[in-house]
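Chains as they are written, first to last, in the working numbering: chain A, 1 to 155; chain B, 1001 to 1332.
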Amino acid sequence: MNTLKIITKSTQETKNIGKKLSKFLKIGDILILVGDLGSGKTTFVQGIAKGLQINNRVYSPSFTIINEYPKKIPLYHIDLYRLDKIEEILSVGIEEYLWGNGIAIIEWGEKIKELIDSYMEINFCFIKENIRSLEFFLYGKGFNLKELESYLQKS
Amino acid sequence: MYVLGIDTSCDDTSVAIVEGGNKVLSNIVSSQASLHSKYGGVVPEIASRSHVRMINICLEEAINKAKIKKSKISAVAVTYGPGLIGSLLMGIQTAKTISFTYGIPLIGINHIESHLYSPFLEFQEIEYPILSLLISGGHTEIVYIKKPEDYELICDTCDDAAGEAYDKVAKLLDLGYPGGPLIEKLAEKGDGGRIKFPRARLKRGKIGFSFSGLKTSVKYFLMKNELGRIKKEDIAASFQEAVVDMLLQSMEKILKKREIKSTFLVGGVAANSFIRNKFRGISKKYNIRDYCPSLEYCTDNAAMVAGLGYWKYKNKRFSGFELDAVSRLHFK
């Protein structure tokens, strides 16, 4: 499968990639973010929010599980860090935010991959201090890798 | 006058009955061990978030423990946000049903405001203005309370909440969950001056919190220094030192600038005695009376909801049946 890999050298660069990606995203899209603690997932979402003109502070939803940002294109920032079992995840009503009226971004989203057919997965890897690699995988219909590449390479 | 309070904003279901705004007759929280044993372990980990299963158990227990008749309850107060919509709705629906059945007023309560009320459950004649530090798994906020119901959010976190930083660093140190108490315990045996973790600095003139960088610094540290050379105890203590420094630096900046009569330390992380002691110290330095609630009123509880509900009742701040759950909520 074709994937796309990008190296970022600072939190600002990670945010910028998020901001560029936001222009590519459409209502109903689902993003699954995979990566260890401190690998840049929340930072990346802050960039996406900025690109969507969301002016609220975007903070980590690890404790609150779902943070909603109502806007023309609403953003649902979800974090499954504290949840493990599928039943537990469904009990918080996550399905209401998927395929809905906004973009759903799910940190630690690998836990619910089996429920979703079409999604973009981004793997965050820690290379060394401040340096991260972001690898993009596209699953199902609706995403085009070439198109994604052109969005992310725009300056 | 009795007010029934309900809170389902996060993981726990809680129901309380409070008389006259500060006399707590019962305060039931679904995670309480006593409740588990009594109901034969109906609350395994997976059901803890299942408010629908817990709400009637908690309600019954709260009324039994308060030893009052349901008909004696004058109002029902319920958290309507911020929190998880699905969870909040369980509490709201229950409160509406009680309000309708008994013909008593319904009062919607902001979860953050109820934390700010928590010291009033135990202390009287608190002087305004108050500077309140709210620290929990989901919040890190400094709020200025000029007079009752007059709040000003001075600053909050840019990324992770203080409690979240504790949990995640505990995970990095392989300590387990919940991380707060585990780190605190480990840190007691450690040297907080051993490692100088960087304190987040915000742009000049700005105040606020950022804990994400601290979490990442602990991660970097662990990668560079194999455990054994530097003890986990020292890492935990040094981390805690950094958290407290950041929290109190911002507090102090405000204490220097504003006329403050009382300080509050509230929210789940306020249960941490290391933070409590340091907080007391800084209040003392500025000759200000500090108030830290007992541990059971620091973590999420319905007593503070019922207590604030009484205050709202007296001031006729009633809600209609259109009251809805709001996931993100500010004071105004």
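Glycine is no exception: its CB is placed at the ideal position from the N, C-alpha and C atoms. What you are looking at is a predicted structure, and each value in this text was computed from that prediction instead of being measured.
Same chain, Cβ closer than 7 Å to residue i, five either side skipped, listed in chain order
| i | result |
| --- | --- |
| Ala1271 (chain B) | Leu1295, Cys1298 and Thr1299 |
| Phe1123 (chain B) | Tyr1291 |
| Ala1075 (chain B) | Val1003, Ile1104, Pro1105, Ile1107, Gly1309 and Tyr1313 |
| Lys1278 (chain B) | Val1244 and Leu1248 |
| Lys23 (chain A) | Gly51 and Tyr151 |
| Ala1165 (chain B) | Phe1211, Leu1214, Lys1215 and Val1243 |
| Leu1089 (chain B) | Ala1325 |
Beta carbon proximity, residue i to chain A, threshold 8 Å
| i | result |
| --- | --- |
| Arg1328 (chain B) | yes |
| Glu1164 (chain B) | yes |
| Asp1234 (chain B) | no |
| Cys1058 (chain B) | no |
| Gly1137 (chain B) | yes |
| Leu1084 (chain B) | yes |
| Cys1158 (chain B) | yes |
| Leu1172 (chain B) | yes |
| Tyr1220 (chain B) | yes |
| Lys1215 (chain B) | yes |
| Lys1069 (chain B) | no |
| Lys1168 (chain B) | yes |
| Ala1270 (chain B) | no |
| Ala1302 (chain B) | no |
| Ser1212 (chain B) | yes |
One or two residues paired with residue i in a DSSP bridge
| i | result |
| --- | --- |
| Arg132 (chain A) | A:Thr8 and A:Phe126 |
| Gly1081 (chain B) | B:Asn1110 |
| Thr14 (chain A) | Its beta-bridge partners do not exist; DSSP assigns none. |
| Ile30 (chain A) | A:Ala104 |
| Thr1140 (chain B) | B:Ile1135 |
| His77 (chain A) | A:Asn67 and A:Ile105 |
| Glu1152 (chain B) | B:Tyr1144 |
| Ile1017 (chain B) | B:Leu1004 and B:Ser1026 |
Exposure label - residue i; buried when at least 16 CB within 10 Å
| i | result |
| --- | --- |
| Ile1142 (chain B) | buried |
| Tyr151 (chain A) | exposed |
| Trp99 (chain A) | exposed |
| Pro1119 (chain B) | buried |
| Arg1258 (chain B) | exposed |
| Leu1202 (chain B) | exposed |
| His1111 (chain B) | buried |
| Ile1260 (chain B) | buried |
| Thr1342 (chain B) | Look at the range of chain B in this structure, 1001 to 1332, and you will see that residue 1342 (chain B) is not part of it. |
| Phe1100 (chain B) | exposed |
| Lys1168 (chain B) | buried |
| Glu121 (chain A) | buried |
| Arg1328 (chain B) | exposed |
| Pro1148 (chain B) | exposed |
| Tyr1128 (chain B) | exposed |
| Ile65 (chain A) | buried |
| Glu96 (chain A) | exposed |
| Gly1176 (chain B) | exposed |
| Leu90 (chain A) | exposed |
| Arg82 (chain A) | buried |
is_contact[residue i, chain B] using C-beta, thresh 8 Å
| i | result |
| --- | --- |
| Val92 (chain A) | yes |
| Thr8 (chain A) | no |
| Gly38 (chain A) | yes |
| Thr14 (chain A) | no |
| Glu110 (chain A) | no |
| Leu66 (chain A) | Residue identity check: residue 66 (chain A) is Ile in the sequence provided, not Leu. Yes, contact with chain B. |
| Phe137 (chain A) | no |
| Arg132 (chain A) | no |
| Phe44 (chain A) | no |
| Tyr119 (chain A) | no |
| Phe63 (chain A) | yes |
| Glu129 (chain A) | yes |
| Ser22 (chain A) | no |
| Tyr151 (chain A) | no |
Own chain residues within Cβ distance below 6 Å of residue i, not counting five before or after
| i | result |
| --- | --- |
| Asp29 (chain A) | Ile103 |
| Lys111 (chain A) | Leu80 |
| Gly40 (chain A) | Thr14, Phe124 and Arg132 |
| Glu1241 (chain B) | Gly1192 |
| Ser7 (chain A) | The sequence as given places Ile at residue 7 (chain A); Ser does not occur at that position. Cβ within range, chain order: Ser133. |
| Asp963 (chain B) | The structure shown has nothing for residue 963 (chain B), since chain B only spans 1001 to 1332. |
| Asn67 (chain A) | Pro61 and His77 |
Close beta carbons around residue i, own chain, < 8 Å, minus the five adjacent residues each side
| i | result |
| --- | --- |
| Gly1041 (chain B) | Because the pLDDT of Gly1041 (chain B) is 45, which lies under 50, any placement of that residue in the model is unreliable, and the number read from its coordinates should be weighed accordingly. Around Gly1041 (chain B): no qualifying Cβ. |
| Pro1044 (chain B) | With a pLDDT of 43 at Pro1044 (chain B), under the threshold of 50, the modelled position of that residue is not reliable, and the figure given next carries that caveat. Correct list: empty, nothing qualifies. |
Any C-beta of chain C under 8 Å from that of residue i
| i | result |
| --- | --- |
| Ser1114 (chain B) | The structure shown has no chain C; the protein chains it does contain are A and B. |
The segment 1260 to 1270 of chain B / the segment 1076 to 1085 of chain B touching (three or more Cβ pairs under 8 Å)
no
I want to know whether the segment 133 to 153 of chain A touches the segment 1061 to 1079 of chain B - three or more CB-CB distances under 8 Å.
no
contact_flag[the segment 1153 to 1162 of chain B, the segment 1131 to 1145 of chain B] where n(CB pairs < 8 Å) is 3 or more
yes
Using 8 Å as the threshold, is the segment 31 to 38 of chain A in touch with the segment 104 to 115 of chain A, meaning 3 or more CB pairs across them?
yes
Say whether the segment 1047 to 1062 of chain B touches the segment 1323 to 1331 of chain B, bearing in mind that this needs 3 or more beta-carbon pairs closer than 8 Å, one atom from each stretch.
no
For the segment 1187 to 1196 of chain B against the segment 1229 to 1240 of chain B, do three or more pairs of beta-carbon atoms, one drawn from each stretch, fall closer than 8 Å, so that the two count as touching?
yes
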